[in-house]
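Colleague: For the sequence shown, the numbering used here gives the first residue as 22, with consecutive numbering after it.
For glycine and all other residues, C-beta sits at the position ideal for the given N, C-alpha and C.
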Amino acid sequence: MEGTQNGDAEGVNRVLLEQQICFRVYVASNLVTRLYRLHLDAMGLTYPQYLVMLILWETELQSVSQLGDRLYLDSGTLTPLLKRLEAAGLVVRRRDTIDERRVLIALTEIGRALRERADAMLRALEGETCLLPGDLDVLGEQLDRYIWDLSAQLGTQGRVDAPPVD
Numbered sequence: 022m023e024g025t026q027n028g029d030a031e032g033v034n035r036v037l038l039e040q041q042i043c044f045r046v047y048v049a050s051n052l053v054t055r056l057y058r059l060h061l062d063a064m065g066l067t068y069p070q071y072l073v074m075l076i077l078w079e080t081e082l083q084s085v086s087q088l089g090d091r092l093y094l095d096s097g098t099l100t101p102l103l104k105r106l107e108a109a110g111l112v113v114r115r116r117d118t119i120d121e122r123r124v125l126i127a128l129t130e131i132g133r134a135l136r137e138r139a140d141a142m143l144r145a146l147e148g149e150t151c152l153l154p155g156d157l158d159v160l161g162e163q164l165d166r167y168i169w170d171l172s173a174q175l176g177t178q179g180r181v182d183a184p185p186v187d
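(1) Can you tell me which of the three DSSP states Val73 falls into?
(2) State the Cα-Cα distance for the pair Asp156 and Gly32, rounded to the nearest angstrom.
(3) With 16 as the cutoff for other CB atoms within 10 Å, does Val73 come out buried or exposed?
(4) Since Ile126 is in the beta strand (DSSP E), which residue starts that stretch and which ends it?
(5) In or out: Ile119 buried (at least 16 other Cβ within 10 Å) or exposed?
(6) What does DSSP give as the partner residue(s) for Arg115 in the beta ladder?
(7) Report the three-state DSSP secondary structure of Gln41 (helix, strand or coil).
(8) Around the C-beta of Gly110, are 16 or more other C-beta atoms found within 10 angstroms, so that it is buried, or is it exposed?
(9) For Met64, tell me which candidate among Arg166, Gly176, Ile131 has the shortest Cα-Cα distance.
(10) Go ahead and label Glu23 buried or exposed: buried means 16 or more other beta carbons lie within 10 angstroms of its beta carbon, across all protein chains shown.
(11) Can you find the residues in the same chain that come closer than 6 angstroms, C-beta to C-beta, to His60, ignoring five residues on each side of it along the sequence?
(12) Sort out for me which residues DSSP pairs Ser84 with in a bridge.
(13) In its own chain, which residues sit with a C-beta less than 8 angstroms from the C-beta of Thr129, not counting the 5 before and 5 after it?
(14) Ignore the nearest five residues each way along the sequence and tell me which others in Pro185's own chain have a CB closer than 8 angstroms to its CB.
(15) Once the 5 residues before and after Asp117 are set aside, which same chain residues still bring their CB inside 8 angstroms of it?
(16) Assign Leu171 to buried or exposed, taking buried as 16 or more other Cβ atoms, counted over all protein chains shown, within 10 Å of its Cβ.
(17) Specify the secondary structure class of Ala109 as computed by DSSP and reduced to three states.
(18) Taking the Cβ atom as the reference point for each residue, do Ala127 and Leu82 lie within a distance shorter than 9 angstroms?
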């Protein structure tokens, strides 16, 4: 069976906006970011700054390259973001004493204290995601697998810690 102008052999028109996985992920990302922004504004953080803070709350001392790897950001994007966090008094940047080419990022006391507000924000967000906890876990696992597979395909698999468990 031949495809038609509006569809392929199965009758699916793949050249529709709503058929694009990239569009669905883009819209979901924008909506989640907007949801978080409602809470992050009160904390004085942008969404990308919040992601940096999450990593630092997990492991306080990180190099700029480690942060970039975890966030899939290059240093040209990350450096201005880190400068703004430093100007806000949340982090300090310093050269590594062993390898002066490396810049290390650490939390300040103010940055550490902000974690409690982030925890309260996450508790508030639990009911705002429009997903049940089990569904949220399943979606998270599916996205982890998708990220892992795409990273491997694009040659960036070092950025994701490990493939999700099936």
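Modeller: On the basis of the coordinates in this document:
(1) Against the sequence shown, residue 73 aligns to sequence position 52. DSSP places Val73 in helix when its eight states are reduced to three.
(2) As a working note, residue 156 is residue 135 in the sequence shown. As a working note, residue 32 is residue 11 in the sequence shown. About 31 angstroms.
(3) Along the sequence shown, read from residue 1 onward, the residue named residue 73 stands at position 52. Under this definition Val73 is a buried residue.
(4) Locating residue 126 in the sequence shown gives position 105, counting from the first residue. 124-128 is the span of the beta strand (DSSP E), which, as asked, contains Ile126.
(5) Here residue 119 is taken as the residue at index 98 of the sequence shown, counted from 1. Exposed.
(6) As a working note, residue 115 is residue 94 in the sequence shown. DSSP output for Arg115 lists Leu125 as bridge partner(s).
(7) On the sequence shown, residue 41 is found 20 positions in, with the first residue counted as 1. Reduced to three states, the DSSP call for Gln41 is coil.
(8) Here the question's residue 110 lines up with position 89 in the sequence shown. By the neighbour-count rule (16 or more Cβ atoms within 10 Å), Gly110 is not buried but exposed.
(9) Taking the first residue of the sequence shown as 1, we reach residue 64 at position 43. Answer by Cα proximity: Ile131.
(10) Here residue 23 refers to the residue found at position 2 when the sequence shown is read from its first residue. Because the pLDDT of Glu23 is 47, which lies under 50, any placement of that residue in the model is unreliable, and the number read from its coordinates should be weighed accordingly. By the beta-carbon neighbour count (other beta carbons within 10 angstroms, threshold 16), Glu23 is exposed.
(11) Along the sequence shown, one-based indexing puts residue 60 at 39. Around His60: Met142.
(12) Your numbering for residue 84 matches position 63 in the sequence shown. Note: Ser84 sits in a beta bridge opposite Leu125.
(13) Position 108 of the sequence shown, counted from the start, is the residue given in the question as residue 129. Result list for Thr129: Gly110, Leu111, Val112, Val113, in chain order.
(14) Position 164 of the sequence shown holds residue 185. Model confidence at Pro185 stands at a pLDDT of 49, short of 50, so the residue's coordinates are unreliable and nothing is read from them.
(15) Within the sequence shown, the letter at position 96 stands for residue 117. Counting only Cβ-Cβ distances below 8 angstroms, and skipping sequence neighbours, we find Ser84, Arg123, Val124, Leu125.
(16) Here residue 171 is taken as the residue at index 150 of the sequence shown, counted from 1. By the 10 Å Cβ count, Leu171 comes out exposed.
(17) Numbered from 1 along the sequence shown, position 88 holds the residue referred to as residue 109. Coil at Ala109, not helix or strand.
(18) If you number the sequence shown from 1, residue 127 lands on position 106. If you number the sequence shown from 1, residue 82 lands on position 61. Pairing Ala127 with Leu82 gives a Cβ-Cβ distance under 9 angstroms.
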